[in-house]
Amino acid sequence: MPLRWFCTLAAAGVALAVAVPAGAQEAGPGPERTQKLIEELRSLLDRAEEKREADPWLIRDMREVIDKYAFPWTSTVYARTLTGNGGLPEGWRVLRGRFERTPDGLRSVTRAAARSSRGAEEQSSGDVDTRDLIGSMLDQALGQSSTEPREESADREAPSVEPARALLSARTGNAFAMRVRFTLRPADGLSAFAFGPYQGRDGKMGYRVVYAEAEGGPRLELSKLGSGGTESTVARTGEIDSLADGQRHTLMWTRDARGRMEIELNETRVIAARDRGFQDAFDGFALTNAGGKLAVESLVINDSSGSR
Numbered sequence: 001m002p003l004r005w006f007c008t009l010a011a012a013g014v015a016l017a018v019a020v021p022a023g024a025q026e027a028g029p030g031p032e033r034t035q036k037l038i039e040e041l042r043s044l045l046d047r048a049e050e051k052r053e054a055d056p057w058l059i060r061d062m063r064e065v066i067d068k069y070a071f072p073w074t075s076t077v078y079a080r081t082l083t084g085n086g087g088l089p090e091g092w093r094v095l096r097g098r099f100e101r102t103p104d105g106l107r108s109v110t111r112a113a114a115r116s117s118r119g120a121e122e123q124s125s126g127d128v129d130t131r132d133l134i135g136s137m138l139d140q141a142l143g144q145s146s147t148e149p150r151e152e153s154a155d156r157e158a159p160s161v162e163p164a165r166a167l168l169s170a171r172t173g174n175a176f177a178m179r180v181r182f183t184l185r186p187a188d189g190l191s192a193f194a195f196g197p198y199q200g201r202d203g204k205m206g207y208r209v210v211y212a213e214a215e216g217g218p219r220l221e222l223s224k225l226g227s228g229g230t231e232s233t234v235a236r237t238g239e240i241d242s243l244a245d246g247q248r249h250t251l252m253w254t255r256d257a258r259g260r261m262e263i264e265l266n267e268t269r270v271i272a273a274r275d276r277g278f279q280d281a282f283d284g285f286a287l288t289n290a291g292g293k294l295a296v297e298s299l300v301i302n303d304s305s306g307s308r
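Residue numbers (my numbering): 1 to 308.
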């Protein structure tokens, strides 16, 4: 292998490592510069492979490095810190319960609803074992079950008796990257929330990441909400550490054009799955607090060019 190829590829590898550390991609100009570097490096590797100017093992290893650091979601859909003093951030609307900006972020307080069996009309194609494990907390977090009457309190700290649900209108491609920073504390000893991209004005279709604490311990689940109120499990974790500890947590969720999804929690991958149930663009971002004191500090949504 010519020395110039070794120097070029080594320099590119160092540049990648400096540009975007693994698991810490941020929205903004950084990913765009990194993606441009990746595209140029891929062109160099293609030329080296075609002209046999580099050893095959080096080309293979460099392609693996590129795949590790690639961040194709370079179009910023939404990037905002949600802290403040009262009111709602621009573009948000509340469908149920209460949300408002606080110094901690977009906040709601919800008392976990009592467990109840679902009616026959609400039966879904979801995983029965997961339903038994987490029970109605998933139903509440997904916003598919609410049997108690609406009851909003004038006291900001008084918890609502039903899930609080809000939507952000933000056209998002089907290949996306979402980063949510939040804090969570329990209310009545239980905690559950859900968020994800939705289709349709009512926000009932789409994907959701669901977190719930029940007798089986804390769990994360990736669910798909289809037409007619059907819900199915795409993937789920085993028991994880509780997120209802009042500490800041970061959840990063990516989906590529082939439907491959990865979810990282505090820079650790916890879910990897593939689903192509939704191939059209999404209409926005749905957020539900089904139990606990939830505050979303910031939300960043990116998508890929041409995926809207």
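In this text, a Cβ means the ideal position worked out from N, Cα and C, and glycines have one as well.
Nothing here was measured: the structure is a model prediction, and the numbers come from that model.
With a threshold of 7 Å on Cβ separation, who are the neighbours of residue i within its own chain once the five nearest residues in sequence on each side are excluded?
i              : result
isoleucine 301 : Val77, Tyr78, Ala170, Thr172, Phe176, Met178 and Phe285
alanine 244    : Leu184, Arg185, Pro186, Ser191, Glu213 and Gly292
alanine 235    : Leu222, Ile271 and Ala273
Do residue i and residue j have their C-beta atoms within less than 8 Å of each other?
i                 : j              : result
valine 296        : leucine 82     : yes
asparagine 174    : aspartate 280  : yes
arginine 96       : alanine 192    : no
arginine 80       : leucine 299    : yes
methionine 261    : threonine 254  : yes
proline 218       : aspartate 241  : yes
alanine 166       : arginine 269   : no
phenylalanine 278 : tyrosine 207   : yes
serine 75         : asparagine 289 : no
Look at the alpha carbon of residue i and the alpha carbon of residue j, and state the distance between them as a whole number of angstroms.
i             : j                : result
arginine 308  : glycine 259      : 14 Å
arginine 205  : glutamate 40     : Correcting the residue identity first, residue 205 is methionine in this sequence and not arginine. Distance between the alpha carbons of methionine 205 and glutamate 40: 38 Å.
glycine 291   : aspartate 67     : 38 Å
lysine 36     : serine 43        : 11 Å
threonine 230 : proline 197      : 16 Å
leucine 106   : valine 65        : 37 Å
threonine 102 : glycine 238      : 33 Å
arginine 309  : arginine 201     : In this structure the chain extends from 1 to 308, so residue 309 is not present and cannot be described.
alanine 48    : arginine 60      : 11 Å
arginine 276  : glycine 91       : 28 Å
asparagine 85 : phenylalanine 99 : 12 Å
tryptophan 73 : arginine 33      : 12 Å
aspartate 55  : isoleucine 38    : 19 Å
Within the continuous beta strand (DSSP E) that includes residue i, where are the two ends?
i              : result
leucine 294    : 282-303
isoleucine 263 : 260-265
tyrosine 233   : Checking the sequence, you will find threonine at residue 233 rather than tyrosine. Per DSSP, threonine 233 belongs to the beta strand (DSSP E) from 231-236.
proline 218    : 217-225
Answer with buried or exposed for residue i, where buried requires no fewer than 16 other C-beta atoms within 10 angstroms of its C-beta.
i             : result
glutamine 247 : exposed
aspartate 303 : buried
tryptophan 57 : exposed
glutamate 162 : buried
leucine 224   : The sequence shown places lysine at residue 224, not leucine. Lysine 224 is buried by the Cβ-count criterion.
Take residue i and list the residues in its own chain whose beta-carbon comes closer than 6 Å to its own, dropping the five residues that flank it on each side.
i              : result
methionine 252 : Arg179 and Glu264
Skipping 5 residues on each side, what residues in its chain have a beta carbon closer than 8 Å to that of residue i?
i             : result
aspartate 104 : Thr83, Thr183, Ala295 and Glu297
What are the boundary residues of the alpha helix (DSSP H) that includes residue i?
i         : result
lysine 68 : 56-69
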